[in-house]
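One structure is given below, encoded as structure tokens.
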Amino acid sequence: GALVYQYPRRTICKSGTSMRMECQAVGFQATSVAWYRQSPQKTFELIALSTVNSAIKYEQNFTQEKFPISHPNLSFSSMTVLNAYLEDRGLYLCGAREQGGTEVFFGKGTRLTVV
Amino acid sequence: QQKVQQSPESLSVPEGGMASLNCTSSDRNFQYFWWYRQHSGEGPKALMSIFSDGDKKEGRFTAHLNKASLHVSLHIRDSQPSDSALYFCAASAANYNVLYFGSGTKLTVEP
Chain X
4 GALVYQYPRR TICKSGTSMR MECQAVGFQA TSVAWYRQSP QKTFELIALS TVNSAIKYEQ
64 NFTQEKFPIS HPNLSFSSMT VLNAYLEDRG LYLCGAREQG GTEVFFGKGT RLTVV
Chain R
179 QQKVQQSPES LSVPEGGMAS LNCTSSDRNF QYFWWYRQHS GEGPKALMSI FSDGDKKEGR
239 FTAHLNKASL HVSLHIRDSQ PSDSALYFCA ASAANYNVLY FGSGTKLTVE P
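Each protein sequence line maps, in turn, to chains X and R.
For the first sequence, the numbering used here assigns the number 4 to the initial residue and increments by one for each residue that follows.
For the second sequence, the numbering used here assigns the number 179 to the initial residue and increments by one for each residue that follows.
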């Protein structure tokens, strides 16, 4: 079956430091990967959509300078949160889909706490 | 960014009862809908998709889509305590495009 693994599952970083999180697809080819942040209130914010061999598209209020994303192949993507502050805390979710597929498969997320 | 509105915010039903969740898109480009379920400590998992007008039934779950009003609902019959979770409606502009999520409904099924 199609699985998405995210690591680390939890991380704590000091305010102003950076943190990298990873997303791995198993059992399918992750042609497109969307990164989301789920707030403590459980609402989802779409950060960016990455498609292999295409430019990464960031949503309003999110920038490459703050959330650089790498999507080098069909099984792996990573995102870094640069200069993390309190408002960056939340559960970061990776959702991956294969070309022509309708379902987006999610990992369990990386929970970021900023202290 | 709130392209999808969901209600109610929380819902409590007795075991064996019917749970009904609602969702509306404010963007007429968004006509492809999914329902996702998220248990505590887990990522969201797709329950079912619906792209055409009318009903779609999968076991105890029935989704209904009205494309004219961009309203989609999810009905869970014979609700079980294991159905207790966060339920999210998600929509996209095409069936292979990025998903936008609603704010979620917290469902509690009481034994």
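Built from N, CA and C at the ideal position, the CB exists for glycine as well.
In whole angstroms, what is the alpha-carbon distance linking residue i and residue j?
i, j, result
"Cys16/X", "Val84/X", "10 Å"
"Leu77/X", "Asn56/X", "10 Å"
"Leu252/R", "Ala241/R", "5 Å"
"Tyr39/X", "Tyr95/X", "6 Å"
"Tyr10/X", "His74/X", "15 Å"
"Thr283/R", "Gln67/X", "31 Å"
"Asn86/X", "Phe208/R", "34 Å"
"Gly221/R", "Ala246/R", "31 Å"
"Phe266/R", "Cys201/R", "9 Å"
"Arg23/X", "Ala268/R", "27 Å"
"Ser270/R", "Ile254/R", "23 Å"
"Asp205/R", "Lys181/R", "6 Å"
"Val191/R", "Ser257/R", "8 Å"
"Val236/R", "Arg13/X", "As written in the sequence, residue 236/R is Glu, which differs from the Val given in the question. Their backbone Cα atoms lie some 34 Å apart in a straight line."
"Ala224/R", "Ser262/R", "15 Å"
"Gly199/R", "Phe108/X", "Per the sequence shown, residue 199/R should be read as Leu rather than Gly. Each residue's Cα considered, the two are about 22 Å apart."
Run down chain X in chain order and give the residues with a C-beta less than 9 Å from the C-beta of residue i.
i, result
"Phe208/R", "Ordered by position in chain X, no residue passes the 9 Å Cβ test against Phe208/R, which lies about 13 Å from the chain."
"Ser227/R", "Thr105, Glu106"
For residue i, does the three-state DSSP call read helix, strand or coil?
i, result
"Pro289/R", "coil"
"Asp261/R", "helix"
"Pro192/R", "strand"
"Val276/R", "coil"
"Asp233/R", "strand"
"Arg238/R", "coil"
Hey, could you find the ends of the beta strand (DSSP E) residue i is sitting in?
i, result
"Leu199/R", "197 to 203"
"Glu25/X", "22 to 29"
"Ser227/R", "223 to 228"
Give the interface partners of residue i over in chain R, defined as CB-CB distance under 8 Å, in chain order.
i, result
"Ala37/X", "Val276, Leu277"
Which bits of chain X does residue i rub up against, with CB to CB less than 7 Å?
i, result
"Glu288/R", "By Cβ distance, chain X contributes nothing, its closest Cβ being about 21 Å from Glu288/R, past 7 Å."
Please list, in chain order, the chain R residues whose beta carbon lies closer than 9 Å to that of residue i.
i, result
"Glu68/X", "Near Glu68/X there are no residues of chain R at all, since even the closest Cβ is about 19 Å away, more than 9 Å."
Which residues in chain R have a C-beta closer than 7 Å to the C-beta of residue i? List them in chain order.
i, result
"Phe31/X", "The contacting residues do not exist; Phe31/X stays about 13 Å from chain R at best."
"Gly112/X", "Gly221"
ask   = What are the complete beta strand (DSSP E) segments, minimum 3 residues, inside the segment 48 to 108 of chain X?
value = 72 to 76, 79 to 84, 93 to 100
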